[in-house]
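*Asks:* Numbering (this note's numbering), first residue to last: 58 to 513.
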């Protein structure tokens, strides 16, 4: 399978995951996540799986049975090509790390250890879950905090690992890029942002009269904001998808979810004159335990007594492992300077569908919109999300909701606000099922609901 086809499958997974997470959280939450971070932690789990467990992970990631080698190849290329740090050559700073934290009573299989080290460039650390689980959790959280430049704190909540935990797989991704053309902070103005419930709030908008990478389509517009490029020729951009209708966000997201290949057709290739232009500054913190969403997408075996993760460890305990939980946290801040974030054969942009208009356009993002950060040479999506209310930085409260695969939307959204950063992190924990008793239950006791908080 060539890289282009593999990336298309990664894009499809990213959009589906984002839609299901968005549908399962409180309707007043701004949202940011890193589907790439989740993709890589699942790929790492797949490398240690067999049978139905492996087949389900491959299927979720868009691959057929027996295609683990293709998944490993894609993961290796993403880690080496997309997630290499570009700051020494003048590009965005990218910091990425994979980690395998294994109890000292367990020995990894040489074959899994080889894939961990050479394909995923992961560090393996022996720890003591059996007698010092809380200490190990603090150690893992400190590792995450360091990789994400202190943007992600306490990824593993209290009680998420215990004496039955044997393995924790995780990754951390940090991204910081400056716009190719920064916005003039002196021209940032306060104006009204219209919420989904019909009310409005006053927020700070970045403005510009310069030409923009902008295109108008049937029912929505797309803005591309490129980041400063380094000598390695990778090209990162943020894309803003703005529905024409002030309440059109859910319809737009569902359209992209139904045909994920449409995403690459709606990426602006050329700059156009703009009349009115304004984009709110925003900052979003978001965290969730992902097992319920992944189950709704068909990933069942890894969370059950039928899990087969025996390719990970070199002992009979491998047949007694299952996935207890998958924790994910993300952060993004966008302002006049650029974006900072943490979580984590190449072709250029191809415009398959011409925009409907090429004359001067207005782009006023004064109502809910979706965004993504993409590496344009490969097409890999690093971060996705949506902004419902850029005026709020604190959490409106914690909410749990279970959506078994059907996307439904109802009410407005409130969370987060402004400036310049993004971060994301995923942890997948395996515990010994023989000592837990109920395979689908996570250490927090949330076996069927998605737990989220809009402010980490």
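Glycine is no exception: its CB is placed at the ideal position from the N, C-alpha and C atoms.
A quick note: this is a predicted structure, and the numbers were derived from the prediction, not measured.
Just to check my reading of the structure: residue 369 and residue 224 have Cβ atoms closer than 8 Å, yes? What is that Cβ distance to the nearest angstrom?
*Replies:* About 7 Å; that satisfies the 8 Å criterion.
*Asks:* Could you name each continuous alpha helix (DSSP H) segment of 4 residues or more that falls completely within the segment 166-215, going from the start of the chain to the end?
*Replies:* Counting whole runs of 4 or more residues, the segment 166-215 contains the alpha helix (DSSP H) stretches 167-175 and 186-204.
*Asks:* I need the straight-line Cα distance from residue 301 to residue 322, nearest angstrom please.
*Replies:* Distance between the alpha carbons of residue 301 and residue 322 is about 18 Å.
*Asks:* Among 212, 448 and 116, which residue has its Cα nearest to the Cα of residue 356?
*Replies:* Ranking the options by Cα distance to residue 356, first place goes to 116.
*Asks:* Suppose the cutoff is 8 Å on Cβ atoms and the five residues either side in sequence are ignored; what does the same chain contact list for residue 125 look like?
*Replies:* Taken in chain order, the residues that qualify are 103, 104, 111 and 115.
*Asks:* In the DSSP assignment, what are the bridge partners of residue 444?
*Replies:* Answer is 426, bridged to residue 444.
*Asks:* Leaving out five residues before and five after residue 137 in sequence, what residues of the same chain have Cβ atoms less than 8 Å from its Cβ?
*Replies:* Excluding positions up to five away in sequence, the list reads 178.
*Asks:* Could you give the distance in angstroms between the alpha-carbon of residue 520 and the alpha-carbon of residue 62?
*Replies:* The question about residue 520 has no answer, for the chain in this structure spans 58 to 513.
*Asks:* Could you check what DSSP says for residue 438 in three-state terms: helix, strand or coil?
*Replies:* Three-state result, residue 438: strand.
*Asks:* Span of the beta strand (DSSP E) holding residue 160?
*Replies:* Element bounds for residue 160: 150-160.
*Asks:* Going by beta-carbon coordinates alone, are residue 271 and residue 418 separated by less than 9 Å?
*Replies:* Taking 9 Å as the Cβ cut-off, residue 271 and residue 418 qualify as a contacting pair.
*Asks:* Given this structure, state the Cα-to-Cα distance separating residue 170 from residue 221, to the nearest angstrom.
*Replies:* Approximately 22 Å, taken between the alpha carbons.
*Asks:* Take residue 64 and list the residues in its own chain whose beta-carbon comes closer than 7 Å to its own, dropping the five residues that flank it on each side.
*Replies:* Only 435, 436 and 437 meet the Cβ criterion.
*Asks:* Grab me the residues of residue 122's own chain with a C-beta within less than 7 Å of its C-beta, minus the 5 sequence neighbours each way, in chain order.
*Replies:* For residue 122, where only same-chain residues beyond five positions count, the Cβ hits under 7 Å are 112 and 115.
*Asks:* Given a threshold of 16 other Cβ atoms within 10 Å of its Cβ, counted over all protein chains shown, does residue 462 qualify as buried or as exposed?
*Replies:* Note that residue 462 has pLDDT 35, beneath the 50 cutoff, so the model's placement of it is unreliable and the number below is only indicative. Classification for residue 462: exposed.
*Asks:* Counting only the same chain and skipping the five closest in sequence on each side, list residues whose C-beta sits under 7 Å from that of residue 465.
*Replies:* Only weak support exists for where residue 465 lies, its pLDDT of 39 falling under 50; the value from the coordinates is given anyway. Excluding residues within five positions, the ones whose Cβ falls inside 7 Å are 80.
*Asks:* Taking the continuous alpha helix (DSSP H) assigned at residue 326, which residues delimit it?
*Replies:* No alpha helix (DSSP H) contains residue 326, which DSSP labels as neither H nor E.
*Asks:* Where do the ends of the alpha helix (DSSP H) carrying residue 92 lie?
*Replies:* From DSSP, the alpha helix (DSSP H) with residue 92 extends over 92-103.
*Asks:* Per the contact definition of three or more C-beta pairs closer than 8 Å, is the segment 264-282 in contact with the segment 418-427?
*Replies:* Counting Cβ pairs under 8 Å, three or more are found: they touch.
*Asks:* If you run the structure through DSSP and keep just helix, strand and coil, what is residue 487?
*Replies:* At residue 487, the pLDDT of 40 sits below 50, so the modelled position is not reliable; the number obtained from the coordinates is stated separately. Residue 487 falls in the strand class under three-state DSSP.
*Asks:* Residue 197 to residue 213, Cα distance in whole Å?
*Replies:* Those two C-alpha atoms are separated by around 8 Å.
*Asks:* By Cβ distance, which residues of its chain are closer than 7 Å to residue 371, with the 5 residues on each side in sequence left out?
*Replies:* These residues qualify, in order along the chain: 164, 165 and 166.
*Asks:* I need the DSSP call for residue 223, collapsed to helix, strand or coil.
*Replies:* DSSP places residue 223 in strand when its eight states are reduced to three.
*Asks:* Are the segment 329-337 and the segment 246-264 touching by the rule of at least three beta carbon pairs closer than 8 Å?
*Replies:* Flag = yes, the segment 329-337 and the segment 246-264 touch.
*Asks:* On the criterion of 16 or more Cβ atoms from any shown chain inside 10 Å, does residue 431 qualify as buried, or is it exposed?
*Replies:* When all chains shown are included, residue 431 counts as buried.
*Asks:* Apply the 10 Å Cβ neighbour rule to residue 332 and answer buried if 16 or more other Cβ atoms are within range, or exposed otherwise.
*Replies:* So residue 332 ends up on the exposed side.
*Asks:* Run through the DSSP bridge pairs and tell me what residue 235 is partnered with.
*Replies:* According to DSSP, residue 235 bridges with 395.
*Asks:* Could you tell me whether the Cβ of residue 359 comes closer than 9 Å to any Cβ of chain C?
*Replies:* Annotation note: the requested chain C is absent from the structure, which comprises a single protein chain.
*Asks:* Thinking C-alpha only, which one of 359, 388, 363 and 340 is nearest residue 381?
*Replies:* Looking at the Cα atoms, 359 is the closest of the given residues.
*Asks:* Can you have a look at residue 519 and say buried or exposed, based on whether 16 or more other CB atoms are within 10 angstroms of its CB?
*Replies:* Nothing can be reported for residue 519, as the shown portion of the chain is limited to 58 through 513.
*Asks:* In angstroms with no decimal places, state the Cα-to-Cα distance between residue 67 and residue 193.
*Replies:* Roughly 32 Å between the two C-alpha positions.
*Asks:* Please state whether DSSP places residue 240 in a helix, a strand or coil.
*Replies:* Residue 240: coil per DSSP, three-state reduction.
*Asks:* In terms of alpha-carbon separation, which member of 60, 108 and 190 lies closest to residue 158?
*Replies:* Taking only the C-alpha atoms, the option nearest residue 158 is 190.
*Asks:* Under a three-way DSSP split, which group does residue 133 fall into?
*Replies:* Three-state DSSP puts residue 133 in a helix.
*Asks:* Per DSSP, what kind of secondary structure is residue 344 in: helix, strand or coil?
*Replies:* If DSSP states are grouped into helix, strand and coil, residue 344 belongs with the strands.
*Asks:* Mind checking whether the beta-carbon of residue 104 lies closer than 8 Å to any heavy atom of the ligand COA?
*Replies:* The ligand COA is absent from the structure shown, which contains no ligands of any kind.
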